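Chemist: Structure below; questions to follow.
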Amino acid sequence: MSVNIRKKENETPASFLYRATKRIQKSGVLLETRRKRFHKKQVSKSKRKVKAIHRLEMEGNMKKFLKLGFSQEESVNMARRILKG
Numbered sequence: 048m049s050v051n052i053r054k055k056e057n058e059t060p061a062s063f064l065y066r067a068t069k070r071i072q073k074s075g076v077l078l079e080t081r082r083k084r085f086h087k088k089q090v091s092k093s094k095r096k097v098k099a100i101h102r103l104e105m106e107g108n109m110k111k112f113l114k115l116g117f118s119q120e121e122s123v124n125m126a127r128r129i130l131k132g
């Protein structure tokens, strides 16, 4: 969806800018792009399940290492290493 606007003969830059902004606002291009800007595509059910399983495994491993006396940072790193294989 594009808007073509050309400067008329003997038209001042200010009046051209005013006319262009009005036409862009009326066309709805700005509203549409603002709506689409932060829209995220919905993730499939299977990918969500895989991500949830991964998150639960990570939490379990982190809790295990925290109980063993490792620091928060060390337990995160060790849990990541275990999940990588």
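Add 47 to a position in the sequence shown, counting from 1, and you land on the number used in my numbering. Glycine included, every Cβ here is placed at the ideal spot set by N, Cα and C. Treat the numbers as computed from the prediction; the structure is a model and nothing was measured.
(1) I need the DSSP call for Leu115, collapsed to helix, strand or coil.
(2) Roughly how many angstroms separate the alpha carbons of Lys73 and Arg53, rounded to a whole number?
(3) Go ahead and pull the three-state DSSP assignment for Lys69.
(4) Please report the straight-line C-alpha distance between Arg66 and Thr59, rounded to a whole angstrom.
(5) Look at Met105 and Arg127 and say whether their C-beta atoms are less than 9 Å apart.
(6) Is the separation between the beta-carbon of Val97 and that of Val76 shorter than 9 Å?
(7) Can you tell me whether His86 is helix, strand or coil according to DSSP?
(8) Pick helix, strand or coil for Val123, following the three-state DSSP scheme.
Modeler: Considering the structure as presented:
(1) Residue state for Leu115 is assigned as coil, using DSSP reduced to three classes.
(2) 16 Å
(3) Lys69: helix per DSSP, three-state reduction.
(4) 11 Å
(5) At a Cβ-Cβ threshold of 9 Å, Met105 and Arg127 count as neighbours.
(6) no
(7) coil
(8) helix
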